[in-house]
Amino acid sequence: MIYAVTTERTIGLVLFAILMVGWIAYVFVNIRQSKAEQGSDVELAPNRKVMPTDDEFEGPRLEQVQAWGVLFLAVIGLSLPIYWLLEPGRQDGALNGFEERAISRGETEFVEGFECANCHGANLAGGSTQTIIDIPRNGEVVKVQVNWAVPSLNDVFYRFDTDIDDPEDSTEVRSILNFGRAPVMPAWGLPGGGPANSQQIQDLVEYLWANQIPVEEAQQAWSDRFQTLRADPENSAKSNGELLYELHCARCHTPQWSAAGNQPQPTGVDVEISPGENGAGAYGRPLNASSLFEQFPDVADQVSFVEKGAVQDAAYGERGLGNYGMPGFGDILSESELRLVVNYVRTLTQTPGVTGEAGPETGEASE
Ligand code: HEC
Ligand code: HEC
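And the structure:
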């Protein structure tokens, strides 16, 4: 077995060596000084000497010994509580060091090991990546090279596992890392057939968790993105609910949303990718089917679902569906924005005449 060389080990070995040398020296000197035996040991035992009287023994000598006793007791009595007081700090320090090392390992994995930063951006603010997707063309499936939008991760814990104060609450992010996100992000964890073991997944989770921006900043960033969309004349015909859907939901619920636009091909001929119908379903379930009204007969239940998101392996809605992957939007969107986007989604149904509980779009999209 190989032991690591630590400072403690070195100090221990040096002390041991000093004690051994001292002990050997003591034995040696003792043997040298011992006197040869002479005569009867009753009369002339070498250790015989005149001892103090009883008075002396039970007086100053006893008090001296007792004083030493009290002194040592005081030392122990003081040092134990001090040790006890400092112990939590020492433990916290050990834990912090442990966490800091995990975060820094996570950073290395994020930037170099698994190159997450290539797609998600070095500052976790999102980016894009090139990938090949299948799209239907003239009744056939063809392969097209596209730039695919990649989500920000500096706010991922406000969407998934939304108890931002609890680093242990990371089941959903862990599942996303383990199993990837088809079609673009591969599985990273061993359970999904990826290269990262559970310790590396843990390091990545800790790194992401340590790099979340404050919630006000995240809200402001999304609000700015919304205002940019709102200010675009191309969007003037769209309601706030529709824009909120496109900003927050389309990447998962509208086919090919993240690749929409003009896509230059290696052949030199550009291909225009238009996303599928809003709510037709992609990674997230279809939202344009009347079954949505069976799932959430009451619009309030749908608002509450979109607010909290899916909880891993917990059933939701009337039909008791549920796996994971639907983020919660309660940290980022206001109550009225949640209602706007839900009401918009309830207008997507492909069944004419079925409007469910969807009311008119009321309320303003505040930040
Ligand atoms: C090839 C590009 C690419 C790489 C490399 C990559 N990702 Fe992703 N990741 C994506 C895309 C794209 C999505 C969104 C899914 C989609 O649009 O299909 C995503 C989604 C995610 C999500 C869910 C975020 C959300 O809000 O939906 C997390 C968490 C995540 N990635 C973490 C990581 C980590 C950690 C690594 C490195 C181990 C990594 N990703 C590497 C492209 C990538
Ligand atoms: C990161 C991808 C993702 C984003 C972004 C997303 N969803 Fe989802 N959504 C899902 C997944 C996955 C499910 C299925 C969850 C499950 O089965 O546990 C789902 C389910 C739903 C359902 C329930 C559908 C049903 O039939 O049960 C509704 C409603 C919904 N999403 C609305 C929204 C709205 C509104 C937004 C935007 C504010 C949104 N989603 C953003 C992935 C996403």
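So the sequence shown is numbered by the working numbering: it starts at 9 and just counts up by one.
Beta carbons: idealized from backbone N, C-alpha and C, even for Gly.
Would Gly330 and Asp339 qualify as a contact pair, given that the criterion is a beta-carbon distance under 8 Å? Mapped onto the sequence shown, residue 330 falls at position 322. Mapped onto the sequence shown, residue 339 falls at position 331. Cβ atoms of Gly330 and Asp339: not closer than 8 Å.
Residue closest to Trp196, alpha-carbon to alpha-carbon, out of Gln228, Glu123 and Leu341: On the sequence shown, position 188 is the one that residue 196 refers to. Nearest of Gln228, Glu123 and Leu341 to Trp196, Cα basis: Glu123.
For ligand 1, is there a heavy atom less than 7 Å away from the beta-carbon of Leu329? Here the question's residue 329 lines up with position 321 in the sequence shown. No, Cβ of Leu329 sits at least 7 Å from all heavy atoms of ligand 1.
For Phe118, verify whether its CB is less than 7 Å away from any heavy atom of ligand 1. Here residue 118 refers to the residue found at position 110 when the sequence shown is read from its first residue. Result yes, Cβ under 7 Å from ligand 1.
Can you tell me whether Gly101 is buried or exposed, with buried defined as 16 or more other CB within 10 angstroms of its CB? Locating residue 101 in the sequence shown gives position 93, counting from the first residue. By the 10 Å Cβ count, Gly101 comes out exposed.
Could you name the residues of the same chain whose beta carbon sits closer than 6 Å to that of Ala157, not counting the 5 residues immediately before and after it, in chain order? The residue you call residue 157 lines up with position 149 of the sequence shown. Apart from sequence neighbours up to five positions away, the residues of its chain that approach Ala157 with a beta-carbon distance below 6 Å are Ser136 and Ser266, ordered along the chain.
I want to check one thing, is the minimum distance from the CB of Arg259 to the heavy atoms of ligand 2 below 7 Å? Against the sequence shown, residue 259 aligns to sequence position 251. Yes, the beta carbon of Arg259 sits closer than 7 Å to at least one heavy atom of ligand 2.
C-alpha distance - Val150 paired with Val279, whole-angstrom precision: Sequence index remark: in the sequence shown, residue 150 carries index 142 (1-based). Sequence index remark: in the sequence shown, residue 279 carries index 271 (1-based). Using only the alpha carbons, I get a separation of about 11 Å.
Extract the residue ranges of the alpha helix (DSSP H) inside the region 181 to 218, only unbroken runs of 4 or more that lie entirely within it. Segments of the alpha helix (DSSP H) lying fully in the region 181 to 218: 206 to 218.
Rounded separation between Glu343 and Tyr253 - CA only: For the purposes of this step, residue 343 is identified with residue 335 of the sequence shown, where counting begins at 1. For the purposes of this step, residue 253 is identified with residue 245 of the sequence shown, where counting begins at 1. Just so you know, the alpha carbons of Glu343 and Tyr253 end up roughly 15 Å apart.
For a test of your reading of the model: does the CB of Arg167 fall under 7 Å from any non-hydrogen atom of ligand 1? Yes or no. The residue you call residue 167 lines up with position 159 of the sequence shown. Flag set: Cβ of Arg167 near ligand 1.
Is it the case that the region 350 to 358 contacts the region 281 to 298, given that we only count it when at least three CB pairs across the two stretches are under 8 Å? Yes: the two stretches touch, three or more of their Cβ pairs being nearer than 8 Å.
For the structure I just gave you, are there three or more beta carbon pairs, one from the region 212 to 225 and one from the region 181 to 191, closer than 8 Å? Counting Cβ pairs under 8 Å, three or more are found: they touch.
Does the beta carbon of Ile184 fall short of 7 Å from some heavy atom of ligand 1? Along the sequence shown, read from residue 1 onward, the residue named residue 184 stands at position 176. At least one heavy atom of ligand 1 is found less than 7 Å from the C-beta of Ile184.
Consider the C-beta atom of Ser299 and the heavy atoms of ligand 2; say whether any pair is separated by less than 7 Å. For the purposes of this step, residue 299 is identified with residue 291 of the sequence shown, where counting begins at 1. At least one heavy atom of ligand 2 is nearer than 7 Å to the Cβ of Ser299, so yes.
Let me check understanding here. Comparing Cα to Cα, which of Tyr324, Ser160 and Gly269 lies closest to Gln153? Locating residue 153 in the sequence shown gives position 145, counting from the first residue. Among Tyr324, Ser160 and Gly269, the Cα nearest to that of Gln153 is on Gly269.
Just the Cα atoms here: how many angstroms apart are Asp306 and Gly201? Looking up residue 306 in the sequence shown gives position 298. Looking up residue 201 in the sequence shown gives position 193. If I take the Cα positions, the gap works out to 40 Å.
Considering Asp100, what are the terminal residues of the beta strand (DSSP E) in which it resides? Residue numbering aside, residue 100 sits at position 92 when the sequence shown is read from its first letter. Unbroken run through Asp100 is the alpha helix (DSSP H), Leu70 to Thr116; no beta strand (DSSP E).
Which whole-angstrom value describes the C-beta separation of Gln220 and Asn162, a residue pair presumed to lie in contact below a C-beta threshold of 8 Å? As a position in the sequence shown, residue 220 is number 212, starting the count at 1. As a position in the sequence shown, residue 162 is number 154, starting the count at 1. Between Asn162 and Gln220 the Cβ distance is about 6 Å, and since that is below 8 Å, they are a contact.
Run the proximity test for Met193: is its beta-carbon closer than 7 Å to any non-hydrogen atom belonging to ligand 1? For this step, residue 193 is matched to residue 185 along the sequence shown. True, at least one ligand heavy atom lies under 7 Å from that Cβ.
Of the choices Trp92, Asn186, Glu108 and Ile140, whose alpha-carbon is the least far from that of Pro203? As a first step, residue 203 must be located in the sequence shown, where it is residue number 195. Of Trp92, Asn186, Glu108 and Ile140, the residue nearest in Cα terms is Asn186.
Can you tell me whether Gln303 sits near ligand 2, meaning its C-beta is under 7 Å from at least one heavy atom of the ligand? Position 295 of the sequence shown, counted from the first residue, corresponds to residue 303. Taking 7 Å as the cut-off, one finds at least one heavy atom of ligand 2 near enough to the beta carbon of Gln303.
Starting from Glu16, follow the alpha helix (DSSP H) in both directions and report where the run begins and ends. Mapped onto the sequence shown, residue 16 falls at position 8. Per DSSP, Glu16 belongs to the alpha helix (DSSP H) from Thr15 to Gln41.
Quick one: residues in its chain with C-beta nearer than 8 Å to the C-beta of Ser374, no 5 flanking neighbours on either side, listed in chain order? In the sequence shown, counting from the first residue as 1, residue 374 sits at position 366. Since pLDDT at Ser374 reaches only 37, below the 50 mark, its modelled position is unreliable, and the value read off the structure follows with that caveat. Closer than 8 Å at Cβ, skipping near neighbours: Ser342, Ser344 and Glu345.
Taking the beta carbon of Met28 as the centre, do at least 16 other beta carbons fall within 10 Å, making it buried, or is it exposed? One-based indexing of the sequence shown puts residue 28 at position 20. The residue is exposed, with fewer than 16 neighbouring Cβ atoms inside 10 Å.
Are Asn243 and Thr262 closer than 8 Å when you measure CB to CB? In the sequence shown, the residue the question calls residue 243 occupies position 235. In the sequence shown, the residue the question calls residue 262 occupies position 254. When the beta-carbon positions are compared, Asn243 and Thr262 stay at least 8 Å from each other.
My output table needs one value for Lys316: the three-state DSSP class, helix, strand or coil. The sequence position of residue 316 within the sequence shown is 308, counting from 1. Assignment of Lys316 by DSSP, reduced to helix, strand and coil, places it in the helix class.
So, helix, strand or coil for Val350, using DSSP? Taking the sequence shown and counting its residues from 1, the one referred to as residue 350 is at position 342. In the structure shown, the three-state DSSP call for Val350 is helix.
For Glu66, which three-state DSSP category applies? Working through the sequence shown from its first residue, we reach residue 66 at position 58. Glu66: helix per DSSP, three-state reduction.
For ligand 2, I want to know if Arg233 counts as a neighbour, meaning its beta carbon is within less than 7 Å of at least one of the ligand's heavy atoms. In the sequence shown, counting from the first residue as 1, residue 233 sits at position 225. Result no, Cβ not under 7 Å from ligand 2.
Hey, how far is the Cα of Leu81 from the Cα of Glu117? On the sequence shown, residue 81 is found 73 positions in, with the first residue counted as 1. On the sequence shown, residue 117 is found 109 positions in, with the first residue counted as 1. Each residue's alpha carbon lies about 53 Å from the other.
Please state if the CB of Phe168 and the CB of Pro274 are separated by a distance shorter than 8 Å. Counting from one through the sequence shown, the residue named residue 274 turns up at place 266. Counting from one through the sequence shown, the residue named residue 168 turns up at place 160. If you check the CB distance, Pro274 and Phe168 do not come in under 8 Å.
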